[in-house]
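Working notes, structure below.
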Amino acid sequence: MTQRAILLTGATGFIGSHLVRRLIGDGWRVHVVVRAESSRVLLDGLGDDVCFHVHDGTTEGMIKIVKDAAPVAVFHLASLFLAQHTAGDVTRLMRSNVEFPAQLLEAMAVNDVRMLINTGTSWQHFRNLEYNPVCLYAATKQAFDAILRFYVDNNAFKAITLKLFDTYGPGDPRPKLVNLFQRAAVSGAALAMSPGEQLIDLVYIDDVVDAFMVAFARLQAGLVEALEEYGISSEAPLPLKEVAATYARVSACPLNIDWGARAYRPREVMQPWTAFERLPGWHPKVDLASGFARCL
Ligand SMILES: NC(=O)c1ccc[n+]([C@@H]2O[C@H](COP(=O)([O-])OP(=O)(O)OC[C@H]3O[C@@H](n4cnc5c(N)ncnc54)[C@H](OP(=O)(O)O)[C@@H]3O)[C@@H](O)[C@H]2O)c1
0 MTQRAILLTG ATGFIGSHLV RRLIGDGWRV HVVVRAESSR VLLDGLGDDV
50 CFHVHDGTTE GMIKIVKDAA PVAVFHLASL FLAQHTAGDV TRLMRSNVEF
100 PAQLLEAMAV NDVRMLINTG TSWQHFRNLE YNPVCLYAAT KQAFDAILRF
150 YVDNNAFKAI TLKLFDTYGP GDPRPKLVNL FQRAAVSGAA LAMSPGEQLI
200 DLVYIDDVVD AFMVAFARLQ AGLVEALEEY GISSEAPLPL KEVAATYARV
250 SACPLNIDWG ARAYRPREVM QPWTAFERLP GWHPKVDLAS GFARCL
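If you're matching positions, the sequence shown starts at 0 in numbering that gives the first Met the number 0 and goes up one per residue.
Here it is as structure tokens:
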């Protein structure tokens, strides 16, 4: 029997590479859309379990990829993340976060593929507002949401957008909090940070992957009428200072942090978004101390 196929974007990234492994483990044939320059290092060792499709940047190229992969559903995770942008970033933000996924939706429509799991961010909801992106990155996610709504209405897509908070886990190459702590713990060097009162909502990678699988099951079960959106939160955000203290306790390495040596960012998220709907059937299982222990 031919194995049923899934198509993923962002598979070479931190979350995508974990999701690929889970899908393979669950018996799916996994197709991934990559760029010619994509590093495949996080997918090392998967061999023939993954079918790579190099996107040439065109809509026609994307239509051919979706046709060749013939997926049951698409998981869209590819994104350029920039907390703050400069003038030189505008084009690549639009390219990665609006144009590329719009090509994907058109290719799905042309090939009659209608199930999508999309990835948004809690940063679309600064100060807990329905429309208030924290930064241009979050605004591009919001712009793509508007495009997705059109395809959902016009092409009867069934879609779920998972709006993620912060994520962490072993083997994370991103220059994020846990890596900063890890490096500071090893080197003993002073780490310059903001005053550290902002609440941080960290979800462990296995819980994040579970959320994608629960959303997929919901689509497969025919429970989604059109477009649904859920926040994937730990529901236990902590001030950054407490996150650092937890890391130091679990790793048994004191962190030399110079609190207040850096200013808060403009539009720093002090209180994460709380006005989200919970994904039915999903809740985070790994608390922060256990998650940090798994990272060490
Ligand atoms: N991680 C978090 O804490 C967090 C929070 C909120 C939302 N999210 C969302 O979760 C998703 C996955 O995040 P992540 O942290 O795993 O990302 P990541 O590690 O930074 O990886 C980004 C992925 O997107 C791909 N990509 C970027 N631009 C592309 C383009 N123009 N064409 C094709 N592929 C492109 C990258 O491919 P290359 O290998 O070619 O660069 C890579 O596979 C993203 O949508 C992100 O916005 C994450």
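Each residue gets a CB set at the ideal place from its N, CA and C atoms; glycine is no exception.
Treat the numbers as computed from the prediction; the structure is a model and nothing was measured.
For residue j and residue i, the rounded distance between their alpha carbons
{"i": "Pro253", "j": "Ser193", "result": "18 Å"}
{"i": "Leu237", "j": "Ile62", "result": "44 Å"}
{"i": "Ser37", "j": "Phe51", "result": "11 Å"}
{"i": "Lys66", "j": "Gly15", "result": "21 Å"}
{"i": "Gly297", "j": "Gln181", "result": "Missing from the structure shown is residue 297; the chain here goes from 0 to 295 and no further."}
{"i": "Lys175", "j": "Leu201", "result": "11 Å"}
{"i": "Leu76", "j": "Asn96", "result": "10 Å"}
{"i": "Pro283", "j": "Ser232", "result": "8 Å"}
{"i": "Leu190", "j": "His84", "result": "23 Å"}
{"i": "Leu79", "j": "Gln270", "result": "23 Å"}
{"i": "Val71", "j": "Glu224", "result": "17 Å"}
{"i": "Met114", "j": "Leu218", "result": "7 Å"}
{"i": "Val49", "j": "Val31", "result": "7 Å"}
{"i": "Ala138", "j": "Pro132", "result": "5 Å"}
{"i": "Val268", "j": "Cys134", "result": "11 Å"}
Proximity to residue i [Cα-Cα], best of the options
{"i": "Asp165", "options": "Ala35, Val207, Ala191 and Tyr130", "result": "Val207"}
{"i": "Gly44", "options": "Trp272, Leu81, Val19 and Arg148", "result": "Val19"}
{"i": "Arg34", "options": "Asp25, Gly170, Arg28 and Gly9", "result": "Gly9"}
{"i": "Arg28", "options": "Gln197, Leu7, Glu59 and Tyr203", "result": "Leu7"}
{"i": "Ile204", "options": "Gly290, Arg264, Ala188 and Gly60", "result": "Gly290"}
{"i": "Arg261", "options": "Glu196, Asn110 and Thr139", "result": "Glu196"}
{"i": "Val177", "options": "Phe211, Ile5, Leu128 and Lys240", "result": "Lys240"}
{"i": "Glu228", "options": "Lys140, Thr90, Arg21 and Val242", "result": "Lys140"}
{"i": "Gly170", "options": "Gly26, Asp25, Leu22 and Arg293", "result": "Arg293"}
{"i": "Tyr136", "options": "Ala188, Ala82 and Phe74", "result": "Ala82"}
Cβ-heavy atom distance, residue i to ligand 1, below 6 Å
{"i": "Phe275", "result": "no"}
{"i": "Tyr165", "result": "It should be pointed out that residue 165 corresponds to Asp in this sequence rather than to Tyr. For ligand 1, at least one heavy atom lies less than 6 Å from the Cβ of Asp165."}
{"i": "Arg217", "result": "no"}
{"i": "Leu103", "result": "no"}
{"i": "Leu22", "result": "no"}
{"i": "Arg34", "result": "yes"}
{"i": "Gly12", "result": "yes"}
{"i": "Gly87", "result": "no"}
{"i": "Phe80", "result": "yes"}
{"i": "Phe51", "result": "no"}
{"i": "Ser233", "result": "no"}
{"i": "Gly9", "result": "yes"}
{"i": "Leu76", "result": "yes"}
{"i": "Phe99", "result": "yes"}
{"i": "Thr120", "result": "yes"}
{"i": "Ser37", "result": "yes"}
Alpha helix (DSSP H) segment containing residue i, residue limits
{"i": "Thr296", "result": "Outside the modelled stretch of the chain, which goes from 0 to 295, sits residue 296, for which no answer is possible."}
{"i": "Ala138", "result": "Leu135 to Asn154"}
N-terminal and C-terminal residue of the beta strand (DSSP E) that residue i is part of
{"i": "Lys162", "result": "Lys157 to Leu163"}
{"i": "Val31", "result": "Arg28 to Val33"}
### Task
Any chance you could list the beta strand (DSSP E) runs of at least 3 consecutive residues sitting entirely within the region 94-130, in chain order?
Restricted to the region 94-130, the beta strand (DSSP E) segments that are unbroken, complete and at least 3 residues in length are 114-120, listed in chain order.
### Message
Please give me, in chain order, every unbroken run of the alpha helix (DSSP H) with length at least 4 that falls completely inside the region 207-250.
### Response
Assignment of alpha helix (DSSP H) within the region 207-250, counting only whole runs of 4 or more residues, yields 239-250 in chain order.
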